[in-house]
């Protein structure tokens, strides 16, 4: 019997905490030929078939730790050549700039900025909206994409964030959400997909998105 | 179309079993935490809160294993509270798979701990749990005070002011329990829920006193809570999470169905 080569998903660990649930959710949907590795080793990222960039906490620390750990070249290389998924603060880290922490330059893969909802955020009736935007909100799929396969339009995903991304190229928007305003919650270009919500905390639809990622060939 | 209100079943865990005390005495056994969490996940719970009420610290290791087991099988947010006193405690729970930690007594004795925790781990995972009791007499302006030790020890702190302070220090969410109502099944204390929800810009979870599904509805419509937490009405099979969500939807509240 010939040995089948395992396909590897690297979850990038740059010291920003809890990757347990991301890894467990990926393992939950992975078939026997897929291996999930949580790693801070640039070589492991270079060798992986797919790369997932999680993110939690504040943007200055996230970007700082990515540079400190020497991971930025591997992240850029992965974004240039293989299926790549960024989640939560991960999506913000791919923008040009974030206004969090007094303003932080990010990786500039997607041109545009991450902006603060503001502590005085209101809905269209003028009622106060809580910030962070925390809980289950509906995601409108604005393009067809392999990562949306078998997920209904306007399905609910779990969010926890106070900043949202505003890409310059509206053609890169893959999904939107409404919370006082319509804003982008998913970005797609070539082999890179990024989401503001937490698939690993979004029950069946979140797991489906991870399953889609594991099966994705990187073509839009 | 927009953000849904949340229903959060709460697992009070003592010595490895889900229990529910009536005002923290007369504890009833409600099963294995991992099985209970899985059941609520299947029923459509929006989040799960796990409160370790074990008196001794010996059993913390058991709690860590349980959190790991739940987080490996339940893919919705998980908050863990009870006995969180240091940043090491927080790190241990987050590494075990918790998404948020609840800080209660430690915040009262050392508010700076909340600030330190929020700076280190981010406000998104810091829930400050507030146990409040009404202290104003009938006819007086409403006033609620923070109590510790299961509602036995007054602190002199005004509950609304305390909530505002905790948010200023970095709390990302407030879990508000009325100690007058907890375990009574008479419904939330809507007055304190609304007062705190309107005073802070972060989400507020109402807790304490749920006896029927209309109480959950009121928590949102009258108490202005962003999420409602209940234990015994779900543990002992009186209502399922689905029934609760249906009732709230019928009342015009946006829910994840």
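Protein chains in written order, with the UniProt record's numbering: chain A, 1 to 220; chain B, 1 to 257.
By construction, the Cβ of each residue, glycine as well, lies at the ideal position given by its N, Cα and C atoms.
Predicted model only: the values in this text are computed from it and were never measured.
- In this structure, DSSP gives residue 183/B a state outside helix and strand, which the three-state scheme calls coil.
- If you look at residue 175/A, you'll find it in the beta strand (DSSP E) that goes 173–178.
- Along the stretch 180–207 of chain B, going in chain order, the ones with a CB nearer than 7 Å to a CB of chain A are 201, 202 and 203.
- As summarised for the stretch 40–124 of chain B, the continuous alpha helix (DSSP H) elements at least 4 residues long and confined to that stretch are 60–73, 87–96, 105–109 and 111–121, given in chain order.
- In the structure shown, residue 145/B falls within a strand segment according to DSSP collapsed to helix, strand and coil.
- Within the stretch 146–164 of chain B, contact with chain A at the beta-carbon level (separation under 7 Å) is assigned to no residue.
- Under the Cβ criterion of 7 Å, residue 88/B is not counted among the residues facing chain A.
- DSSP places residue 138/A inside the beta strand (DSSP E), whose first and last residues are 133–141.
- Nearest CB-CB separation between residue 136/A and chain B: below the 7 Å threshold.
- Membership of residue 90/A in the alpha helix (DSSP H) is indicated by the continuous run 89–93.
- Relative to the Cα of residue 74/A, the nearest Cα in the group 47/A, 153/A and 59/A belongs to 47/A.
- For residue 191/B, there is no enclosing beta strand (DSSP E); the residue is found in the alpha helix (DSSP H) stretching over 190–199.
- In the three-state DSSP reduction, residue 161/A falls in the strand class (E or B).
- When DSSP states are grouped into helix, strand and coil, residue 107/A belongs to the coil group.
- The way I'd put it, the stretch 59–70 of chain B does touch the stretch 91–106 of chain B; three or more beta-carbon pairs between them come closer than 8 Å.
- For residue 182/A, there is no enclosing alpha helix (DSSP H); the residue is part of the beta strand (DSSP E) that begins and ends at 182–189.
- Residue 112/A is positioned such that its CB atom lies closer than 7 Å to that of residue 168/A.
- Take residue 241/B, set aside five residues on each side of it, and the residues of its chain with a beta-carbon closer than 8 Å to its own are 7, 9, 40, 43, 44, 45 and 234, in chain order.
- Between the alpha carbons of residue 220/B and residue 249/B lies a distance of about 11 Å.
- Excluding five sequence positions before and after residue 38/B, the CB atoms of its chain that fall closer than 7 Å to its own CB belong to 73 and 74, given in chain order.
- Residue 43/A and residue 25/A have their C-alpha atoms roughly 24 Å apart.
- Residue-level contact by beta carbon fails for residue 240/B and chain A, as no gap is shorter than 7 Å.
- Following the DSSP letters along the chain, one finds residue 206/B inside the beta strand (DSSP E) bounded by residues 204–207.
- Between residue 172/A and residue 19/A, the alpha-carbon positions lie close to 27 Å from each other.
- For residue 130/B, the uninterrupted beta strand (DSSP E) run begins and ends at 126–134, by DSSP.
- Proximity of residue 207/A to chain B, defined by a Cβ-Cβ separation below 7 Å, is satisfied.
- Annotation for residue 77/A: the continuous alpha helix (DSSP H) segment containing it runs 72–81.
- Chain-ordered listing is empty here: chain B has no CB closer than 7 Å to the CB of residue 149/A, the nearest sitting near 18 Å.
- In summary, residue 109/A is buried, with 16 or more beta-carbon neighbours lying within 10 Å of its beta-carbon over all protein chains present.
- The three-state reading of DSSP puts residue 198/A in coil, since its state is none of H, G, I, E or B.
- An exposed status is given to residue 238/B, since fewer than 16 other beta-carbon atoms sit within 10 Å of its beta-carbon.
- Residues are counted here when their Cβ sits less than 7 Å from a Cβ of chain A; for the stretch 52–78 of chain B these are 71, 72, 75, 76 and 77, given in chain order.
- Burial is judged here by how many other beta carbons sit within 10 angstroms of a residue's own beta carbon; residue 88/B has fewer than 16 and is exposed.
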